[in-house]
Amino acid sequence: MVIITAIYVIATIFICKANIKSANATREQVAEQKRQFDESNRAYVTVHFEVTPSKLYTLCVCNHGNKVAKNVHLEISDEFIEELENDKVKHLLKNTKESKIDIGIGQKWYLWLGVLGDRVTMQKSVAFNLTYSDDNNSYNEAYNINLNAFNWQLLCSPDDNEYEQTKKIANSIDKISKSIAKIEREIHKEQDNG
517 MVIITAIYVI ATIFICKANI KSANATREQV AEQKRQFDES NRAYVTVHFE VTPSKLYTLC
577 VCNHGNKVAK NVHLEISDEF IEELENDKVK HLLKNTKESK IDIGIGQKWY LWLGVLGDRV
637 TMQKSVAFNL TYSDDNNSYN EAYNINLNAF NWQLLCSPDD NEYEQTKKIA NSIDKISKSI
697 AKIEREIHKE QDNG
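In our numbering, each number is its position in the sequence shown, counted from 1, plus 516.
This is the structure we're talking about:
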């Protein structure tokens, strides 16, 4: 009976150790699943350089996340602002340093840096810190965008393809011209017959 009890105690100890390992593994798995859930269900703000269809140089601040980004704030370096030639842009960028906004899910916010052809702006690097929060966390990211690296692509913007627009207008004018010519022929035909 003593031997059976000893075996039972030893087996119980092994079962308890196995249960403890299993519980720890489950706890780690649940923690990882929670981390992944929180990571995929958060505000996720990015900033990139963009030329708008109206030919403005901008920083596009976009919320790609699944929650509203609150208190979004860009702290642009004073050095970049002071080197700009456009006083209106300087003033707006200085005001930006004092503001915090909320960006909804999938929404964008544009920050004006200059206009197409502004070579002074495009020779610079813009350094800034981006801070924002959502319901659970706060985020702080540092950016440094070398605007000079974008000079090669500013010859044509896919959002504002003037050649294609001009081609469409020319085709429309051609169709209208042909329609008018057809109407004139019919009018002349009726006048000759009548």
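The beta carbon of each residue, even a glycine, is placed where N, CA and C say it ideally should be.
Proximity to residue i [Cα-Cα], best of the options
i: residue 586; options: 630, 558, 600 and 617; result: 617
i: residue 619; options: 608, 560, 598 and 654; result: 560
i: residue 598; options: 570, 660, 581 and 629; result: 629
i: residue 663; options: 635, 646, 682 and 556; result: 635
i: residue 568; options: 706, 627 and 709; result: 627
i: residue 578; options: 521, 646 and 535; result: 646
i: residue 602; options: 633, 580, 624 and 614; result: 633
i: residue 655; options: 524, 523 and 555; result: 555
i: residue 553; options: 536, 639, 594 and 652; result: 652
i: residue 625; options: 683, 580, 685 and 659; result: 580
Beta bridge counterpart(s) of residue i as assigned by DSSP
i: residue 695; result: Paired residues: none, contrary to the question.
i: residue 596; result: Per DSSP, none; premise fails for residue 596.
i: residue 643; result: 660
i: residue 630; result: 573
i: residue 616; result: Partner(s): none; residue 616 has no beta bridge.
i: residue 563; result: 577
i: residue 649; result: 586 and 654
Whole-angstrom C-beta distance between residue j and residue i, which should lie under 8 angstroms
i: residue 631; j: residue 572; result: 6 angstroms
i: residue 648; j: residue 588; result: 4 angstroms
i: residue 637; j: residue 600; result: 6 angstroms
With 16 other Cβ atoms within 10 Å as the buried cut-off, status of residue i
i: residue 622; result: exposed
i: residue 518; result: exposed
i: residue 699; result: exposed
i: residue 546; result: exposed
i: residue 672; result: Because residue 672 carries a pLDDT of 47, less than 50, the predicted location of this residue cannot be relied on, and no value is offered for it.
i: residue 650; result: buried
i: residue 521; result: exposed
i: residue 528; result: exposed
i: residue 592; result: buried
i: residue 612; result: buried
Short Cβ contact (7 angstroms threshold) for residue i with residue j
i: residue 596; j: residue 563; result: no
i: residue 551; j: residue 583; result: no
i: residue 590; j: residue 644; result: yes
i: residue 696; j: residue 565; result: no
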